[in-house]
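Enquirer: Everything in the sequence shown is counted per the numbering used here, starting at 51 for the first residue and increasing by one.
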Amino acid sequence: MHRFTKIFVTVLILGLISSALYASKGSNSTPFPVPLSCYSEDYGSPNFLAERCDQVHGSEGFRDPEGASMAEILSHRISANPFNLVVSLIFLIAILHTFMANKLTAKAHQIHEEHDERMKAAGASEEEIKHDIPFKAELFHFLGEVEVVFGMWVIALLFVTIGFFDWTTFKNYMVYDRVFIEPMFVVVIMAIASTRPVVKFSEQLLGLAAGLGGHSKAAWWFSILMIAPLLGSFITEPAAITIAALLLANQFYKHRPSSGFAYATIGLLFVNISVGGTLTHFAAPPVLMVATTWDWSMGFMAANFGWKAALGILISNVLYFIVFRGQFAKMGKDEVKEASEEFHTPEVQKLKPGQMSHDEFEAMWAERETTIP
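(1) Taking leucine 297 and serine 252 to be in contact with their CB atoms under 8 Å, please state how far apart those CB atoms are, rounded to whole angstroms.
(2) Measuring only the C-alpha atoms, how far is glutamine 301 from valine 199?
(3) Using a 10 Å radius around the Cβ and a threshold of 16 neighbouring Cβ atoms, would you call leucine 86 buried or exposed?
(4) How many Å lie between alanine 260 and valine 137 at the Cα?
(5) Give me the residue from Ser95, Ile323 and Gly117 with the minimum Cα distance to glutamate 110.
(6) From His191, Met169 and Met240, pick the residue whose C-alpha is nearest to that of alanine 290; which is it?
(7) Buried or exposed, going by whether 16 or more other CB atoms sit within 10 Å of the CB of lysine 437?
(8) Taking all protein chains shown into account, decide if methionine 51 is buried (16 or more other Cβ within 10 angstroms of its Cβ) or exposed.
(9) What does the alpha-carbon distance come out to for the pair alanine 243 and tryptophan 270?
(10) Can you tell which of Val373, Ile143 and Pro288 has the C-alpha that lies nearest to the C-alpha of alanine 268?
(11) Rounding to the nearest angstrom, what Cα-Cα distance links serine 308 and glycine 376 in this structure?
(12) Have a look at leucine 256 and alanine 144 and give me their C-alpha separation to the nearest angstrom.
(13) For the alpha helix (DSSP H) containing aspartate 216, list its first residue and its last residue.
(14) Which residues bound the alpha helix (DSSP H) around histidine 191?
(15) Taking Cβ to Cβ, would you say phenylalanine 328 is nearer than 7 Å to phenylalanine 355?
(16) Within its chain, find whatever has a CB closer than 6 Å to the CB of leucine 281; leave out the 5 residues flanking it on each side and keep chain order.
(17) Which residue's Cα is closest to the Cα of alanine 360: Gly326, Met348 and His126?
(18) Excluding five sequence neighbours on each side, which residues of the same chain lie with their C-beta closer than 7 Å to the C-beta of threonine 148?
(19) Counting only the same chain and skipping the five closest in sequence on each side, list residues whose C-beta sits under 7 Å from that of valine 106.
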C-alpha cells in the first residue's frame, strides 16, 4: 500500500474509533438524513411530528407542492434544503473520481518517469533516484487509489454536514445509524484470503484438479472458475472471489489474454461466485438472511439450490471454453517460463530446507517478498 494511503486509512480509522468512543446520542437529536415524510407530510401533522421533522431547521417550508412534476419536486427540495444538492454533487464527484482513478495513476507514473529522467541527466546515482520520489507523483498516485476514493469524499461530507447541521449530527449518524459489521467482516475475510499461505494452499488444492488437464492454461482456467465459486459455500463468497481473482491473475491474466477473453472471464467469475454459495445455509449473505427464518438446512440448500447452481456453473464454463478455446494457444507464446513457477505449483519440484543448497534456501526465503499479482 502506498505511503499516503497508509496514512489516510490510519487517520480515517482512528477518527471513526474516536467518534464511537465519545458519541452520545440523545433522544431529541435532529433526524439525519432528513426523512422523506418531512417533504410529503403537512407541517405539524402526526406523521411529521413522529419523524421529529419539527426539529429540522427550516422544515416549515419543506412540504412538496401539490401536483408537481419530478423536476419541480427536485427543484423545490433543493431550494428548501440546499444540503440535498451539495451531498448529491459530492456523491457524483466520488463516482467520477472512481472512473478517473486509472488516469490519475498513469499521470503519477508519467511524473515519476520525467523526474527520474531529469535526475539522470543531472548525474544522480541509481540509489539517489530510487529514494527521491517527487511529491506530485505521490499525490497523484494517492488520488488514483480506488480504495480511498469514497473514504476521501466522506471527509468532504463530514465538513458539509457540520456546516449545515453540527458535529453531533454527523457523529451520531456514523456511530449509531450506520452498521459496519458486514463491511468490516468482508474486509477482514478478504485480507485473510489474500495472504500468501492461503493463496499458496489454494493453488496447491486447485492444482490437483488442474493436473488432470496437464496444468495447461485451459486446465487452470477451468479449475479456478469451477471450484473456487463452490468454495463460497464454505469459506464465504468474499473469500472465494479473492482467492479466485489472485489465482486467475497468476495462472491466466499473466499470460495476456485478449481484452474480450479477459473481460468475459471476469464477468463469468462474478456470475459463478454469485450462485456458488448456495450449497450451504451459512456462508452466502442472501441465504444467511432467510435460512433461520425459513428453517433451511444444509441438506435443503444442496437439494433445492446447490446442485442446480453447480450445474449452471459447469454449463457456463463449458460454453465459455467452447467459445474461447482457440485463444488459449495464442496466450503467452513469448514467455520463457510458466507463471505457475513463481508460486511453486505441483508441477515444480520442491525440496525440503535440509535438501537445499545455501543459494536455494536464500531464494526460497526471498520468495516471501514476491508480490502477488
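Built from N, CA and C at the ideal position, the CB exists for glycine as well.
Expert: Concretely, from the data shown:
(1) Leucine 297 to serine 252, Cβ: 7 Å. Contact.
(2) Taking C-alpha positions only, glutamine 301 is separated from valine 199 by approximately 30 Å.
(3) Counting other Cβ atoms within 10 Å of its Cβ, leucine 86 stays below 16 and is therefore classed as exposed.
(4) Distance between the alpha carbons of alanine 260 and valine 137 is about 50 Å.
(5) When C-alpha distances from glutamate 110 are compared across Ser95, Ile323 and Gly117, the shortest belongs to Ser95.
(6) Its Cα nearest to that of alanine 290, the residue Met240 stands out among His191, Met169 and Met240.
(7) The displayed coordinates of the chain run from 51 to 423. Any statement about residue 437 would go beyond what the structure contains.
(8) Because methionine 51 carries a pLDDT of 48, less than 50, the predicted location of this residue cannot be relied on, and no value is offered for it.
(9) Separation of alanine 243 and tryptophan 270 (C-alpha to C-alpha, rounded to the nearest whole angstrom) is 19 Å.
(10) Looking at the Cα atoms, Val373 is the closest of the given residues.
(11) Cα to Cα, serine 308 sits roughly 11 Å from glycine 376.
(12) For leucine 256 and alanine 144, the distance between alpha carbons rounds to 38 Å.
(13) Secondary structure note for aspartate 216: it is in no alpha helix (DSSP H), with a DSSP letter that is neither H nor E.
(14) Element bounds for histidine 191: 185–193.
(15) The amino acid at residue 328 is misidentified as phenylalanine; the sequence shows threonine. A Cβ-Cβ contact shorter than 7 Å links threonine 328 with phenylalanine 355.
(16) The answer, listed in chain order, is Ala290.
(17) Taking the Cα of alanine 360 as reference, the smallest distance to any Cα among Gly326, Met348 and His126 is reached at Gly326.
(18) Cβ neighbours of threonine 148 beyond the five flanking positions: Val196 and Val199.
(19) Answer for valine 106: Thr80, Pro81, Val84 and Cys88, listed in chain order.
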